[in-house]
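Only one structure is covered here, and it is reproduced in the block below.
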Amino acid sequence: MADKKKMSVADILAAARKSDGEGAASDGPTASKPTTAESAPATPEAAAPAKPAGKVKPAKSASGGRLSVAEMMAKARAEKGGGEEKAAPAAKKSADKKPKPAAKKPAAAKAATEPRDTASILAAARKSSKAGPMSKAEAAAKEKANPKAKAKPKILVPPMPEKPAYAKPASGTKKKAKGTADEERRDFLWVGFGSLAAVTGLWSLASLKFLFPNVRREPPSKFKVGFPGAYPAGQVQTKFKAQYGVWIANAEYNGQSQIYALKSVCTHLGCTPSWLDAEQKYKCPCHGSGFYKDGINFEGPAPRPLERCAIRIADDGQIEVDKSRVFQEEMGQWEDPSCYISV
Ligand code: FES
């Protein structure tokens, strides 16, 4: 050992190989030897065989050497078989033992194990305390029996701040009393039915309008304009223009005083001229045509005189005008006594 410290690495490896060779020879001829220096462990520590854990002694073969793997497996199997063999008699012993008579059970345990019929189960359930929702009477009785049980912890709520002045109702106004739920429901129904009735009424009116034709009402073509004395000479009456569209004039035509009715329709493009008493003429606002008092055109684009309507003294002495018949001056129709009343 003293020389071991002075051994070189090559010497250590050679010694290790030698010892391995001896071990391998004892293990058997199948063990292989390292043939090269490269396959050997690099350090003496790595080359040393691993120590078994704890105090387990290394198993030895029957020859006194190390056990091969096959021998170790055979030994382990043998040990396992022996254990089972040992355990088997113990189990047999327990099976042979006679069952001891069961100890007497208490009455409650006996009742629990015995089969019970439905009636007894229901009776037991009814006897026990009621689970689930309780009636008011039951709750009151329970609360009376144990008043502390329902006592809830008090929650301290801070008081509401006082309303500002602008949020308070005016001093003169009365606060409306809050109605009951029935009244509110009734009001709601009134409002609903009122709205429904209004909508139904409007819809009915709109439907009724379809039953009547959308026609324009024309004034009658024949109408009376009063007695001849109401029309002084040289005057043009304009009060029938809006309703009937005619002027009633008392003027001269071809040196003859006549009462005649002139249509207030311009002969240019159909506009409505106006009588200008100051200028003693009919003036059309559209293109500036002008007509004398007797209806003859004298200025503007109007190509011909105004038209006259049929006129006569009715049975009651009044002047009757018939707009369905017109007379044109350029056609020489003003000579017809049906279009004037001589005065
Ligand atoms: Fe009267 Fe043209 S319509 S002047």
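Per the working numbering, the sequence shown starts with residue 2, numbered consecutively. All residues carry an ideal CB built from backbone N, CA and C; glycine is no exception. Nothing here was measured: the structure is a model prediction, and the numbers come from that model.
Host alpha helix (DSSP H) of A422 (start-end): Shown here, the chain extends from 2 to 344; a query on residue 422 therefore has no answer.
Backbone secondary structure at G24 - three-state DSSP: A caution first: G24 carries a pLDDT of 47, below 50, which makes its placement in the model unreliable, though a value can still be read off. The answer is helix: DSSP assigns G24 an H, G or I state.
Buried/exposed call for P306, threshold 16 Cβ in 10 Å: By the neighbour-count rule (16 or more Cβ atoms within 10 Å), P306 is buried.
Proximity to K324 [Cα-Cα], best of G271, K225, Y232: The candidate whose alpha carbon is nearest that of K324 is K225.
Start-end ranges of the alpha helix (DSSP H) lying completely within the segment 220-301, minimum 4 residues: DSSP runs (the alpha helix (DSSP H)) wholly in the segment 220-301: 242-245.
Exposure label - A250; buried when at least 16 CB within 10 Å: With 16 or more Cβ atoms within 10 Å of its Cβ, A250 is classed as buried.
A11 (DSSP reduced to helix, strand or coil): If DSSP states are grouped into helix, strand and coil, A11 belongs with the helices.
Inter-residue spacing [alpha-carbon to alpha-carbon] between R127 and F194: Straight-line measurement puts the Cα of F194 at about 54 Å from the Cα of R127.
Touch test, the segment 184-194 against the segment 207-214, Cβ-Cβ under 8 Å, three pairs minimum: Touching, no.
Beta-carbon proximity list for I297, same chain, < 6 Å, skipping 5 on both sides: Cβ within range, chain order: P306.
Residues of its chain near E253, where Cβ-Cβ distance is below 8 Å and the 5 sequence neighbours each way are ignored: Exclusion of the five residues before and after E253 leaves Q259, D295 as the residues of its chain whose Cβ lies within less than 8 Å of its Cβ.
Assigned exposure category for E331 - 16 Cβ within 10 Å defines buried: E331 counts as exposed, since fewer than 16 other C-beta atoms from the protein chains shown sit within 10 angstroms of its C-beta.
Distance between beta carbons of K284 and Y293, contact taken as under 8 Å: Between Y293 and K284 a beta carbon distance of about 11 Å is seen, past the 8 Å cut, so the two are scored as non-contacting.
For A182 and K155, the rounded distance between their alpha carbons: Answer to the nearest angstrom: the Cα atoms are 31 Å apart.
Chain-ordered residues, beta carbon under 7 Å from a heavy atom of the ligand FES: Chain-ordered list of matching residues: C267, H269, L270, G271, C272, P274, C285, C287, H288, G289, S290, G301, P302, A303.
Opening and closing residue of the alpha helix (DSSP H) in which K128 lies: It spans 119-128 - the alpha helix (DSSP H) in which K128 sits, taken as one unbroken run.
Minimum Cβ-Cβ distance from R313 to chain D less than 9 Å: In the displayed structure, chain D is absent; only one protein chain is listed.
Contact check, S290 vs T268, beta carbons under 9 Å: With respect to T268, S290 sits close: the two C-beta atoms are nearer than 9 Å.
Distance CB(C340)-CB(A231) smaller than 9 Å: No. Outside cutoff.
Element boundaries [alpha helix (DSSP H), containing K145]: 137-146 is the extent of the alpha helix (DSSP H) around K145.
Cα-Cα separation between S265 and P214, rounded to whole angstroms: It is roughly 29 Å from the alpha-carbon of S265 to the alpha-carbon of P214.
Residue range of the unbroken beta strand (DSSP E) whose run includes F213: In the DSSP assignment, F213 falls outside any beta strand (DSSP E) and carries neither an H nor an E.
K242 versus D337: straight-line alpha-carbon distance, rounded: The straight-line gap from Cα to Cα measures roughly 23 Å.
Rounded distance between the beta-carbons of P233 and I320, thought under 8 Å: Not confirmed; about 14 Å, so no contact.
Bridge partner(s) assigned by DSSP for E336: None; E336 has no bridge partner.
Residues that R18 bridges to, as DSSP identifies them: Its beta-bridge partners do not exist; DSSP assigns none.
Distance CB(V322)-CB(K223) smaller than 9 Å: Against a cut-off of 9 Å, the Cβ pair of K223 and V322 comes out as a contact.
Neighbourhood of Q334 by C-beta, 6 Å cutoff - its chain only, sequence neighbours within 5 removed: Exclusion of the five residues before and after Q334 leaves F328 as the residues of its chain whose Cβ lies within less than 6 Å of its Cβ.
C-alpha distance - A141 paired with A168, whole-angstrom precision: Cα-Cα distance, rounded: 43 Å.
Per-residue DSSP class, three states only, for V57: Bear in mind that a pLDDT of 44 at V57, under 50, signals an unreliable position, so the number given afterwards is only what the model happens to contain. Three-state DSSP puts V57 in coil, outside helix and strand.
Exposed unless 16 or more other CB atoms sit within 10 angstroms - verdict on V237: By the 10 Å Cβ count, V237 comes out buried.
Terminal residues of the beta strand (DSSP E) in which I1 lies: Past the boundaries of the shown model lies residue 1; the chain is included only from 2 to 344, so the question cannot be answered.
Per-residue burial, W276 [other beta carbons within 10 Å of its own, 16 or more giving buried]: Classified as buried, W276 has 16 or more neighbouring CB atoms from the shown chains inside 10 Å of its CB.
Selected residue, minimal CA-CA separation from K153, among S136, E144, A138: Answer by Cα proximity: E144.
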